[in-house]
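A short write-up of the structure that comes next.
Numbering (the working numbering), first residue to last: 9 to 138.
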């Protein structure tokens, strides 16, 4: 019985080591590559499409913080001077606050160079494409 336990332990240890070696050589995306994942505007939730339309019209926006400068402190978006990016809330049905969903756009307010969607409060971004 002890021998079986020792064999199981040895096999599990070997499998774990092989898995860790594979991870060491895995090609993980860089921050910029992660930011360049895309989502079509038509694939956004309806509230995201509404927010995009408000951005194009210049408002009015439902939240006071909409249109405020986004600092890109996470450095997940391409690097630009402070003030280039602005953030906008994407309503979350049932949420009592602004929720976690945002659209961050860079460039001119009504005709941004690029917009990015995050559903997880800036932990990840996908570039919005038409």
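Just so you know, even glycine gets a beta-carbon here, dropped at the ideal spot from N, CA and C.
Asked	Found
How would you write the range of the beta strand (DSSP E) that residue 57 sits in, first residue to last?	Careful: residue 57 lies outside any beta strand (DSSP E), inside the alpha helix (DSSP H) at 54-65.
Quick check: what's the CA-CA separation for residue 36 versus residue 57?	Residue placement at residue 36 is poorly supported in this model, since its pLDDT is 40, which falls under 50; the coordinates are not used for a value here.
Which first and last residues belong to the beta strand (DSSP E) in which residue 117 is found?	Segment: none, residue 117 is in no beta strand (DSSP E) and carries neither H nor E.
Could you confirm whether any beta carbon from chain C is found closer than 8 angstroms to the beta carbon of residue 60?	Structure shown: chain C not included; a single protein chain is present.
In terms of residue numbering, what span does the beta strand (DSSP E) encompassing residue 93 cover?	93-97
Comparing C-alpha positions only, which one of 129, 68, 52 and 138 sits nearest to residue 81?	129
On the CB-based measure, 16 or more other CB atoms within 10 Å of its CB, does residue 113 come out buried or exposed?	buried
Roughly how many whole angstroms lie between the Cα atoms of residue 126 and residue 108?	8 angstroms
Give the straight-line distance between the Cα atoms of residue 53 and residue 137, rounded to the nearest whole angstrom.	14 angstroms
Kindly indicate which three-state DSSP category residue 49 falls into: helix, strand or coil?	helix
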